[in-house]
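Colleague: Quick one: structure below, then a few questions.
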Amino acid sequence: EEEEEEEEEEEAESRDANENENNGDGHLNERFDELRQKKENDSRMHELQGRVDQLNREKKNALQEAKNATRELQQMSTKYNSLNELYSNLQDQHYTCATKIEQLQLQIDELEKQQTQTKQEQSNLQHAHDNMKHAHDSLKHAHDSLKQELEIKDQQIKSSEKKLVWALKEKKKWPNEWRESEMPSTFLETNCSRKTVSLCLCKNSFLMQKSQSKSSFALLKMKLIDYRLAFFSFFLKKKKKIKKFITFNFFFFFYQ
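Each residue of the sequence shown is one higher than the one before, counting from 282 in my numbering.
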């Protein structure tokens with residue numbers, strides 16, 4: 282009985298050992314499965330973590346690219362605003378230049394008009410100068426002619442005065458009734474009386490013509506002076522060259 286009990290105990294222990302061994306193998310299998318699953322999970326986790334890291338890197342790169350794109354967009358927007366402002370300034374400058382060009386064209390037209398007027402005034406001035414020179418020459422010629430005529434008439438008057446003195450001396454020899462009467466027929470019939478009357482008339486005529494010649498010459502000279510003064514005052518407000526030209530000619534002719 283003791284041996285049987287020992288055998289039963291051994292068998293029980295053996296069964297317990299087998300059961301424990303079997304239980305240990307099952308537990309090891311379960312542990313191995315858990316470890317294998319954990320390894321697979323770790324591998325999967327590592328793969329997923331790598332994928333997440335890669336996605337994070339891509340996200341970071343995308344964000345950086347987005348930031349760069351945003352910065353470039355801001356720079357392009359700033360450049361666009363600068364270019365737009367520059368274009369607006371260029372348009373303003375273009376309008377200003379166009380306005381200045383129009384003003385310059387108007388000034389050019391006005392200067393061309395003034396130049397045409399100046400040329401016309403110069404032509405008129407030259408024409409007036411030629412007329413004044415012609416008038417001066419005519420006046421000089423008239424002065425020379427009058428001077429010669431006056432010299433001739435002075436000589437004639439001197440000769441007539443000599444004849445008149447001789448006639449007066451002869452008249453003293455006439456009868457008293459001839460000297461008291463105004464114009465006796467016998468007085469007209471005598472050669473001496475005819476000479477006396479003609480000499481008196483000739484002297485009066487010469488004196489009158491001399492006075493008229495002097496008056497005409499003085500009047501002509503005054504007209505020329507008035508013409509020069511009017512000519513000088515009309516062009517006095519013109520350019521300096523014209524002033525000098527007119528002043529020189531005026532005083533030159535006035536001096537002459």
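Glycine included, C-beta positions come from ideal geometry on N, C-alpha and C.
So, with DSSP's three-state summary, where would you put Lys319?
Modeller: If DSSP states are grouped into helix, strand and coil, Lys319 belongs with the helices.
Colleague: Output needed for Thr397: all residues of its chain with C-beta closer than 7 Å, excluding positions within five of it in sequence on either side, in chain order.
Modeller: Nothing listed; no residue qualifies.
Colleague: Tell me whether Ser466 sits in a helix, a strand or coil according to DSSP, three-state version.
Modeller: With a pLDDT of only 41 at Ser466, under the threshold of 50, the placement of this residue in the model should not be trusted; the figure read from the coordinates follows. The answer is helix: DSSP assigns Ser466 an H, G or I state.
Colleague: For Ser441, does the count of other Cβ atoms within 10 angstroms reach 16, so buried, or fall short, so exposed?
Modeller: Buried.
Colleague: To test your reading of the DSSP string, which unbroken beta strand (DSSP E) runs of 3 or more residues are found completely within the segment 365–400?
Modeller: None, since the segment 365–400 contains no complete beta strand (DSSP E) of that length.
Colleague: May I have the straight-line CA-CA distance separating Gln437 from Lys450, to the nearest angstrom?
Modeller: Those two C-alpha atoms are separated by around 20 Å.
Colleague: Quick check: what's the CA-CA separation for Tyr376 versus Leu392?
Modeller: Cα to Cα, Tyr376 sits roughly 24 Å from Leu392.
Colleague: If we ignore side chains and look at the alpha-carbon of each, how far apart do Asn342 and Gln318 end up?
Modeller: Roughly 35 Å between the two C-alpha positions.
Colleague: Between the alpha carbons of Asn362 and Gln401, how many angstroms are there, rounded?
Modeller: If you take the alpha carbons of Asn362 and Gln401, they lie about 57 Å apart.
Colleague: To the nearest angstrom, how far is it from the Cα of Lys320 to the Cα of Asn337?
Modeller: Approximately 24 Å, taken between the alpha carbons.
Colleague: Taking just the CA atoms, how far does Leu364 sit from Ile382?
Modeller: Cα-Cα distance, rounded: 26 Å.
Colleague: Quick one: Cα of Leu406 to Cα of Val446, how far?
Modeller: In a straight line, the C-alpha of Leu406 is about 57 Å away from that of Val446.
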